[in-house]
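Residue numbers (this note's numbering): 68 to 474.
Structure first, commentary second.
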């Protein structure tokens, strides 16, 4: 694919879709190899986890001050999401490697073929993924610098800056965390500010790369759903090409691989997103309360608004792209597999050895397709037929067998 459209240094021909995101994951220590770097990166992740614990300790200490507690909570929740994303990605790297390897190998194989329709579809969703990735990275970068510079801007615009300068009031903090020394003045303040700055860059990198990687994978599955309809139409000979039963079964298995790896991807993302939705809900509520509090300054409202916009953007990315994948799947594109068999007038020979067993569903009418669950006793494509063409099979048998509803 043309690399001049994107940032060339981030592209990797071995990973057509995931080149930039994998580099980001590698730089932030989540896409790891062996050696001393692995130990170093895991030490950084462990330090970040310890820092989040100090944030919760500070939250407990200031629990009686609602304003400070809300400000701490809004940042601590995001820090929690960061360490969970980094930790789960590192711990489940074996499964992530399987998905990434499948995506890259499939795309390289598809792009190597002289198929204009397939190549156009792949390049289209890759370009879309790049635009979303770079936009999201820019948004996260802006959010990180906003969080880091907010105390400085607040100090310069505060009418009480003279009281802060002479030591009457403490210096404004980037984040709220517990430390065993005085962090309000002098050397302790600058050490804390440095740690907070580094943690902000760490958290921003984790969020940007983890989320963009997930979005690229969802765009891949949505784009491949479009290609499935093309692949299903090519399962059997069309008059120009004679396909053997073995070749047909091979193509059917290739169609089924999408379902297998999309299931693994869903199992990796579901626990993280479950926690993510809960935490984002708390963060949105805390930010909304801070915006409407009388004591909140205009600069604080600007900071909270930008922070709130970043939260909404994260939720929007996941909701929009996951819904897109679901929509493409529900369009019954995989149903083209069964229709290809019907239109061609032939089925693979191995399918003829399969058995179809109809199970009645409790509480469902016997004269309706919804009243039955078909179980296909066939290794190669049984699950696919069960999930995708269940209603069609039952409806066909209902129409052709009048006594199907008999008890």
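Note that the Cβ used here is the ideal one computed from N, Cα and C, for glycine as well.
Here the structure is a predicted model, which means the values were calculated and not measured.
Within 8 Å, strictly: CB atoms of residue i and residue j
| i | j | result |
| --- | --- | --- |
| residue 286 | residue 196 | yes |
| residue 116 | residue 346 | no |
| residue 106 | residue 96 | no |
| residue 372 | residue 193 | no |
| residue 282 | residue 388 | yes |
| residue 204 | residue 275 | yes |
| residue 90 | residue 273 | no |
| residue 88 | residue 280 | yes |
| residue 379 | residue 162 | no |
| residue 159 | residue 335 | yes |
| residue 171 | residue 108 | no |
| residue 134 | residue 360 | yes |
Three-state secondary structure (DSSP) of residue i
| i | result |
| --- | --- |
| residue 138 | helix |
| residue 197 | helix |
| residue 427 | strand |
| residue 97 | coil |
| residue 368 | helix |
| residue 332 | helix |
| residue 246 | coil |
| residue 78 | coil |
| residue 269 | helix |
| residue 252 | coil |
| residue 180 | coil |
| residue 105 | helix |
| residue 281 | helix |
| residue 343 | helix |
| residue 143 | helix |
| residue 83 | coil |
| residue 360 | coil |
| residue 216 | helix |
| residue 132 | coil |
| residue 159 | coil |
| residue 229 | helix |
| residue 167 | helix |
| residue 236 | coil |
| residue 338 | helix |
| residue 241 | coil |
Pairwise C-alpha distance: residue j and residue i
| i | j | result |
| --- | --- | --- |
| residue 201 | residue 78 | 13 Å |
| residue 68 | residue 185 | With a pLDDT of 46 at residue 68, under the threshold of 50, the modelled position of that residue is not reliable, and the figure given next carries that caveat. Cα to Cα, residue 68 sits roughly 12 Å from residue 185. |
| residue 103 | residue 260 | 28 Å |
| residue 294 | residue 189 | 9 Å |
| residue 149 | residue 177 | 35 Å |
| residue 354 | residue 241 | 16 Å |
| residue 216 | residue 343 | 26 Å |
| residue 80 | residue 238 | 49 Å |
| residue 236 | residue 101 | 48 Å |
| residue 267 | residue 145 | 11 Å |
| residue 350 | residue 370 | 14 Å |
| residue 340 | residue 167 | 19 Å |
| residue 356 | residue 138 | 10 Å |
| residue 374 | residue 381 | 11 Å |
| residue 393 | residue 156 | 23 Å |
| residue 220 | residue 229 | 14 Å |
| residue 255 | residue 249 | 6 Å |
| residue 142 | residue 263 | 11 Å |
| residue 222 | residue 368 | 15 Å |
| residue 169 | residue 377 | 31 Å |
| residue 92 | residue 179 | 27 Å |
| residue 291 | residue 173 | 10 Å |
| residue 198 | residue 278 | 14 Å |
| residue 265 | residue 218 | 15 Å |
| residue 154 | residue 86 | 21 Å |
| residue 269 | residue 385 | 21 Å |
| residue 140 | residue 430 | 48 Å |
| residue 383 | residue 131 | 34 Å |
| residue 76 | residue 94 | 14 Å |
| residue 438 | residue 114 | 55 Å |
| residue 224 | residue 214 | 16 Å |
| residue 348 | residue 391 | 22 Å |
Proximity test, Cβ basis, 8 Å: residue i and chain B
| i | result |
| --- | --- |
| residue 147 | Any reference to chain B falls outside this structure, which holds one protein chain only. |
With a cut-off of 8 Å, do at least 3 Cβ pairs link the region 206-216 to the region 103-120? no
Give a yes or no on contact between the region 126-135 and the region 235-247, applying the rule of three or more CB pairs nearer than 8 Å. yes
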